[in-house]
Amino acid sequence: MHGKNDKKGKSKWGNLTTLMRKNRIAILGIQESRLNENETEKTGKANPKIVIENNGVATNKEGVAFVINKDMMGDRKWIHTRIIEGRASRLQVDMGEENALDIILVYVPNIDSEKIKFIKNIQKELGKLKDLTEPILMGDFNFVENELDRFPHHKDKTGITDEFEKLRKKYKWIDGWRIHNPTEKNFSYFQTTSGSMSRIDRIYLTQELYTYAYNWEITTSANISDHDIVYVEILKKQLPYMGKGMWRMNENILEYEPFKKKARKILKEAEKAITECTKKLAKLNGQNKIDARKEQNPQEIWKETKTKLREEAQKEAKNRNTNLKKERTKLEKDL
2 MHGKNDKKGK SKWGNLTTLM RKNRIAILGI QESRLNENET EKTGKANPKI
52 VIENNGVATN KEGVAFVINK DMMGDRKWIH TRIIEGRASR LQVDMGEENA
102 LDIILVYVPN IDSEKIKFIK NIQKELGKLK DLTEPILMGD FNFVENELDR
152 FPHHKDKTGI TDEFEKLRKK YKWIDGWRIH NPTEKNFSYF QTTSGSMSRI
202 DRIYLTQELY TYAYNWEITT SANISDHDIV YVEILKKQLP YMGKGMWRMN
252 ENILEYEPFK KKARKILKEA EKAITECTKK LAKLNGQNKI DARKEQNPQE
302 IWKETKTKLR EEAQKEAKNR NTNLKKERTK LEKDL
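This is the structure:
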């Protein structure tokens with residue numbers, strides 16, 4: 002979030018509320034909230050569609066906060082607990098029907114030596130919690146586990162990643178986005194001065210909870226932050242029906258030549274657009290780069306590409322079924 006106001010002195014919270022509403026985000030975790038108790042209350046009153054559960058005392062640095070969409074959460078109850086001042090919080094949400102969310106939000110320090118201390122500290126503090134239930138870990142980690150998550154590619158210090166691996170294995174956490182996208186290069190943070198990129202913002206789920214998660218995305222924060230938003234949807238357990246559910250591409254359509262031809266064209270166009278966009282952004286710095294990313298960025302290009310692929314798959318699946326019916330009818334007549 003990097004403070005409550007933009008460079009023009011206008012509050013970011015109104016735009017953030019709109020972003021949550023348009024993207025149907027029920028719970029958002031933010032870092033650099035920079036709110037004390039008084040500012041949290043004032044911001045909440047100015048934005049009645051959200052509830053801010055803040056952890057921080059300074060208005061010029063640090064702070065983590067859960068932002069809750071009142072329209073989506075309705076009358077559900079939750080408990081907010083500060084684990085480490087300005088750095089880690091917990092939100093326990095009663096989702097009804099024996100379903101609950103247990104979310105740990107973290108903001109790992111920038112300095113390498115402090116990262117290791119923080120990871121050890123959070124492990125110690127979580128160890129004191131005897132009622133953790135399928136906990137979700139999310140936040141700005143300020144390091145990556147895989148060199149694929151940095152550009153230019155390089156590994157982070159093993160002391161940091163090894164210490165985090167101990168924590169991750171203890172709670173059986175997995176990096177859901179990376180599991181879902183094993184070879185994809187996508188980033189949540191763009192360093193304007195150097196042009197480097199990284200996926201330091203992540204969501205970890207337990208292996209059990211991962212089976213209920215879908216729609217893993219990294220999407221634009223609409224210039225509210227210099228970080229993009231990492232997004233996931235989680236189904237309720239034992240949920241028998243959810244409207245139309247999640248659309249999945251039928252395997253048969255992948256072998257259907259008309260679709261394959263169109264898909265190849267769409268993907269080639271996307272690859273070209275992403276390459277050109279990345280090169281263009283790499284040449285820019287500062288505000289020029291921020292403005293350019295607002296106009297076009299690799300995440301939005303890929304998001305539009307997936308929409309095009311889905312639309313073509315649905316269209317060609319319908320055409321294929323129509324053709325199959327015609328062939329079946331003709332065969333029946335011939336017989």
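Going by this note's numbering, the first residue of the sequence shown is number 2, and it counts up by one from there.
Note that CB positions come from ideal geometry on N, CA and C, so glycine has one too.
- Under a Cβ-count criterion, where at least 16 other Cβ atoms within 10 Å of its own Cβ denotes burial, should H154 be classed as buried or exposed? Taking the sequence shown and counting its residues from 1, the one referred to as residue 154 is at position 153. So H154 counts as exposed.
- Message: If distances are taken between C-alpha atoms only, which option among I275, T19, E166 comes closest to K1?
- Response: The chain is shown from 2 up to 336; residue 1 falls before or after that span and cannot be answered.
- Item | Bounding residues of the beta strand (DSSP E) (the contiguous stretch that carries N55) | Position 54 of the sequence shown, counting from 1, holds the residue named residue 55. Counting along the chain, the beta strand (DSSP E) containing N55 begins and ends at 51 to 56.
- Message: Please state the DSSP three-state secondary structure of A271.
- Response: Locating residue 271 in the sequence shown gives position 270, counting from the first residue. Note: A271 maps to helix in three-state DSSP.
- Kindly list the residues whose CB is nearer than 7 Å to the CB of K158, restricted to its own chain and excluding five residues on each side of it in sequence; keep chain order. In the sequence shown, residue 158 corresponds to position 157, counting from 1. Within the same chain, K158 has close Cβ partners D113.
- Using a Cβ-Cβ cut-off of 6 Å (strictly less than) and excluding sequence neighbours within five positions of E126, which residues of its own chain qualify? The residue you call residue 126 lines up with position 125 of the sequence shown. Within the same chain, E126 has close Cβ partners I84.
- Message: Rounding to the nearest angstrom, what Cα-Cα distance links Y190 and N111 in this structure?
- Response: Along the sequence shown, one-based indexing puts residue 190 at 189. Along the sequence shown, one-based indexing puts residue 111 at 110. Near 14 Å, if we compare the C-alpha coordinates of N111 and Y190.
- Whole-angstrom C-beta distance between N37 and S90, which should lie under 8 Å: Within the sequence shown, numbered from 1, the residue matching residue 90 stands at position 89. Within the sequence shown, numbered from 1, the residue matching residue 37 stands at position 36. About 15 Å; that fails the 8 Å criterion.
- Determine the extent of the beta strand (DSSP E) in which Y172 is found, giving its start and end residues. The residue given as residue 172 occupies position 171 in the sequence shown. Unbroken run through Y172: none, as it is neither H nor E.
- Message: Buried or exposed for S195, going by 16 or more other Cβ atoms inside 10 Å?
- Response: Locating residue 195 in the sequence shown gives position 194, where the first residue counts as 1. By the 10 Å Cβ count, S195 comes out exposed.
- Per DSSP, the bridge partner or partners of K139: Locating residue 139 in the sequence shown gives position 138, where the first residue counts as 1. According to the sequence as given, residue 139 is Met; it is not Lys. The partner list for M139 (beta bridge, DSSP) reads L106, I204.
- If you draw a straight line from the alpha carbon of T184 to that of K46, how long is it in whole angstroms? The residue labelled residue 184 in the question sits at position 183 within the sequence shown. The residue labelled residue 46 in the question sits at position 45 within the sequence shown. Near 44 Å, if we compare the C-alpha coordinates of K46 and T184.
- Query: Helix, strand or coil: how does DSSP classify T184 here?
  - Reply: The count along the sequence shown starts at 1 and reaches residue 184 at position 183. It is coil, neither helix nor strand.
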